Each structure stands twice: as C-alpha cells, then as structure tokens.
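Quick note on numbering: this note's numbering labels position 489 of the sequence shown as 808, and the sequence is numbered without any gaps.
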Amino acid sequence: MDQHEPASGRRETYLAALLLLVVAAVVLYVRIRLLALPLERDEGEFAYMGQLLLNGTSPYLHAYTMKLPGVSAVYALFMLLFGHTSTALHLGLLLVNTGAAFLIFLLAKRLLDTSAALYSCSAYLLLSLSQSVYGLFAHATHFVVLFALGGFLLLLRSIDERRIALLFPAGLCFGLAVTMKQHAMPLVLFAILFWLWRCRMDSTSNTGQRSSGTGIVLLAVGACVPYLLILLHSWSTGTLSTFWFWTVRYAREYVSSQTPATGLANLSTSLGIMLQVQWPFLLLAAIGAGMLLKQKKADKSTIFISGLLLFSFLAISLGLIFRRHYFILLLPALSLLVGIMTRTASGWRLRVPVAPLLIAAAAVFGIYQEQLFYFQLSPLQASRASYDENPFPEALQIAEYIKKHTSPDDRIAVLGSEPEIYFYAGRLSATGHIYMYGLMENQPYAEKMQMQLIREIEATRPKYIVDVNVAKSWLTQSSSLHKILDWKDGYLRNFYDTVGVVDIVNSATTRYTWDDKAAGYTPVSRAYVRVFKRKTGEGF
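Below you can see the structure in the form of structure tokens.
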C-alpha cells in the first residue's frame, strides 16, 4: 500500500486488491483450460523457426519471413522449458501475460497510486484475454508489450532516481521489443522524446544538455544492440541477404500496400469487434482520457500516459492493416487511462465505493459476453470459433500422419500458409516459402517468389506435399499471378499420389480419409486439404 495514502482510502485499496485476485483467478482458469488451443499460423511460424534455432539452423535458411526472430527465440526458450507442444507455448504466453500485467501494476503505481495500479492491472488482464484481440493466442504483440513495459519502467526509474546508467538496459528492452515486432519502433521514439522532455523540464539537476545527450546515446545504443546481434548472426550463417530482402525490402512493399480508405475500413472492423465485447472498459478509458485533458498542468504522469497512448496508436497504425491482435499494443495505455478514471472516481464522496463497482461491472460484462469461449468450448472448438474454416485443428492430424510416415531427414512442402504443420511434424520444409500470401500479392517480387518456390520444390523433391485448398491460406486476389497455381496442379498430378483428404465439412465436422480410400474421395466442402506422397520408381 502506498505510504502516502490516507486512511480513508485503505478500504478501497483492499477492495481493489480483492477484485484483482478474482480477475486473476478467472483469467488463470481460462488460460489454463485452453492451453491446448491448436496453433494458428503466426504461432506456427514462430514455433517452426524456434525449432530451427534449437536445431542450430538459421531460421532464414528454411523459413522466409518479414518478421524479426525475437519471438521465435522466446518460443525456443519455451520449448526448452516445457516441450514442443501447443500447450507448452501457451503456457509460455501465460507467463508473459502475467509478467506484463505485473509491469502494468508497477508502472501505474509509480505514475498514479496503489489503488489505480490494481485497477489498471485488472483491466489489462481482462482486455488482453479477450478474443476481440485474439488474446489467447501467442501473437508477437504480447511479447512487444512485455519488453516495452520493462523499458518504460527502467526509463522512469532512471528519471526518478537520477540513475542515468539505467537508460542502457532500458534501451535493450526497447530493442528486444522491436525484435519481437517492428511495430514497436514508435515506442522507442516515444521513449527518447520523453527523456528529452524530462531533461528540459528538470533544469535544476545534472540532467542538463550533457546528460540529455548521454541519455539519448545510452537509449539508442541499447536499442540497437539486439538488432545488430541479429545482423551478425545472419552474416555468420550466410543468410544476411535473405534476411535483408525479407525484413527490409519486401517488408517495405508490404506496409505500403494499403490505401488510406482500406486502412480506415480495417480500423473500423477491428475496433468495432473490440467495442462490441469490451465497450465498458473502453468507455472508462475514454473517461480517463477526458480527465487527463482537463488537467490544467501537464505533469510527468499526464505527459507519459498521453504520449504512450499516441505512440501506441501509431504503432498499431503501421501499414494501416489494423489486425485485431495489433490492438494488444494499445492495451497498456488504455489500462492506465482506466486507472486515472478510478483515481478520480475514488475522490467522489458517495456512500458506496464507485471505482470498484465500475471495474467489477465492466469485468462482468466482458466475461459474460465471451462466456461461451471462456468456459464451454473445447480447445478445438475454440480454434474453429476464432478462425472459421482455417485448418488449424486439422493441422494436428495431418502432421501426425506425415510424421508417422516419414523419417527425420525427409523433407515436406506445404502449398498454403500453414507453417504449424512443419512444427507439429518436426520436418524441414522443402522451400523457404512457408506462406503463400506474398506470392499472391500485387507487389514487384511476386513472380520472383513464385519461381523460387517452384525451383526449390522441384530440386528438393519432397516426400510429401500438403495442398491446402482454403481461401484464407492463400488470399488470392484478382491481380494475383497464377503461375504457381497452374504449376502445382500439373506437378502433383505427374509426380504424386493422393494419400489423404481432409474435408472441413462445417464448423463441427471434418472428415479424414487416408491412404487407399483417399484417392477416390471427392470433397463436399469448399475448404479441404489434400496430402500427396511422391510416386516411387524410376524418374520419380
């Protein structure tokens, strides 16, 4: 409890702590109950790349991706600690989410007070659980939040305790956040700007012009170290050119592909889903923002929380894509705004404690809205409810069949964007193209990518090929080149036999047909997966 808190506020602090305990228990129960959620494709990518790292292989040799390898390295750590399963990886997410919530508490306590910190922590736990942001899946944004919050806490400690040396580890935290997802770069910029503002305001201390410059250097150098180490590793493994092409040249094309109109539509869709299930918390955050604006004097807390909100929004706006899980980057700022609202509400002299009632009401509403997902659906059903016809539940059985019928040295290929199959099967991809999206996009490298995939598969001659006939696994556009689509039909017909058909009939039914029965089976749905085995004999 805050030593400066008046005796009249202790009861509310106890109520806030009790509410947090109840919220934490519910969140823990839901996360543990759904630990076995099948991996979605981003998770599958990180898990496969993490597997490559554990095997001593540079991930960019067998997996082309525009994402930096920070999350993959953390996934590798989870696999070392807990095993190579989706349960193990979601257990790691539980630890990351708990750590982020604790950092929210420490940050809010430093900026606001103990009661507000407890409320902010409760808000973050519930908002980051919500399926409106795909909170139960281990997306990169969860990891960005953890490291960025660590950086901000060290930054504030450096300012409050006048310990400039803390700026270097703060910079390291921000640099690690960027390696989790490049969208963290605006947060690094905000940290530097906040440090400059504080130095300018604090003219009586030793944080003058020289200290200001030293602080920027420490922050910047710390932030650059993780990326420089990745460059060094890529150079030492001979994958630097591949790494640079995918994470810089192609990534630049990717983030510039959305028009402002499309971006606005994306924002409206994702924000609308979040508002539908979490509007009470968002309303409380909006009220907190209004209270922030009403303050006549901008102190450290006001500037920090306002800046965090602005630059967090800039972070989710990069590329104007606004996917639902991007909004996880916005949750720390929203949670702090909820804390501001509760601190103000605590000062209202009413017969009942308003703040805990408001937070409890918002929590109950959000949990009630998502009760089916949280408490009733099985992990497989929850995956289908989240991602429709995407073959994430089916990937488990497809990979199990391939693993059973191959040796560790056999190569496989997945024609579709389902890298989780490589992870489950524990087999190397015959091509570095673990996603088909880039090949289907209207961008200058699409034809080059398609030809590269064709060459790599023909040269490797994988024992099994998985052909994913699911629209969301390709995202074919009207402007897409069809070279690879025309090639794969003929290549599979000439050199492979059908040994498996996975027919996703509807949300509740999937038909699995294997071996001799598969050749004569005709799918009844628009979403299905075929598994092919290379023909034997001379010439094959």
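All residues carry an ideal CB built from backbone N, CA and C; glycine is no exception. Since the model is a prediction, treat every value here as computed from it, not as a measurement.
Residues of its chain near residue i, where Cβ-Cβ distance is below 6 Å and the 5 sequence neighbours each way are ignored
i           : result
residue 363 : 738, 739 and 742
residue 526 : For residue 526, the predicted model reports a pLDDT of 44, less than 50, meaning its position is unreliable; a value from the coordinates is still stated below. So the qualifying residues of the chain are 518.
residue 783 : 721, 731 and 852
residue 875 : Since the displayed the chain opens at 320 and closes at 859, residue 875 lies outside it and no answer follows.
residue 702 : 356, 357, 711 and 712
Buried versus exposed call for residue i [16 or more other C-beta atoms within 10 Å across all chains shown]
i           : result
residue 618 : exposed
residue 348 : exposed
residue 581 : exposed
residue 852 : buried
residue 797 : exposed
residue 500 : buried
residue 683 : exposed
residue 772 : buried
C-beta atoms of residue i and residue j nearer than 9 Å
i           : j           : result
residue 850 : residue 817 : yes
residue 544 : residue 494 : yes
residue 604 : residue 538 : no
residue 392 : residue 372 : yes
residue 611 : residue 631 : no
residue 558 : residue 379 : yes
residue 345 : residue 645 : no
residue 751 : residue 366 : no
residue 506 : residue 634 : yes
residue 546 : residue 497 : yes
residue 464 : residue 447 : yes
residue 811 : residue 736 : no
residue 540 : residue 487 : yes
Alpha carbon of residue i to alpha carbon of residue j, nearest angstrom
i           : j           : result
residue 337 : residue 442 : 14 Å
residue 627 : residue 765 : 37 Å
residue 456 : residue 574 : 23 Å
residue 524 : residue 472 : Below a pLDDT of 50, predicted positions are generally treated as unreliable, and residue 524, at 49, falls in that range; no measurement from the model is reported.
residue 709 : residue 565 : 25 Å
residue 402 : residue 428 : 36 Å
residue 828 : residue 706 : 15 Å
residue 460 : residue 832 : 37 Å
residue 450 : residue 502 : 21 Å
residue 454 : residue 836 : 39 Å
residue 481 : residue 622 : 19 Å
residue 420 : residue 491 : 20 Å
residue 802 : residue 757 : 14 Å
residue 323 : residue 435 : Because the pLDDT of residue 323 is 48, which lies under 50, any placement of that residue in the model is unreliable, and the number read from its coordinates should be weighed accordingly. Cα to Cα, the separation comes out at about 14 Å.
residue 330 : residue 361 : 44 Å
residue 326 : residue 333 : Reliability of the predicted coordinates at residue 326 is poor, the pLDDT of 49 falling under 50, and no value is obtained from them.
residue 587 : residue 724 : 46 Å
residue 691 : residue 504 : 37 Å
residue 374 : residue 848 : 29 Å
residue 814 : residue 576 : 37 Å
residue 408 : residue 397 : 6 Å
residue 716 : residue 834 : 14 Å
residue 674 : residue 662 : 8 Å
Chain-order list of residues whose beta-carbon lies under 7 Å from that of residue i (same chain, five-residue window excluded)
i           : result
residue 423 : 439, 440, 443, 468, 651 and 654
residue 620 : 430 and 431
residue 533 : 483
residue 830 : 822 and 824
Same chain, Cβ closer than 8 Å to residue i, neighbours up to 5 away in sequence not counted
i           : result
residue 722 : 743, 744, 745 and 746
Among the options, nearest to residue i - alpha-carbon criterion
i           : options               : result
residue 660 : 803, 608, 702 and 592 : 608
residue 394 : 380, 415, 830 and 576 : 415
residue 404 : 761, 760, 719 and 733 : 719
residue 531 : 550, 417 and 484      : 484
residue 589 : 387, 639, 804 and 855 : 639
residue 799 : 425, 571, 726 and 767 : 767
residue 535 : 567, 584, 477 and 549 : 477
residue 823 : 642, 714 and 727      : 714
residue 387 : 410, 352, 359 and 567 : 567
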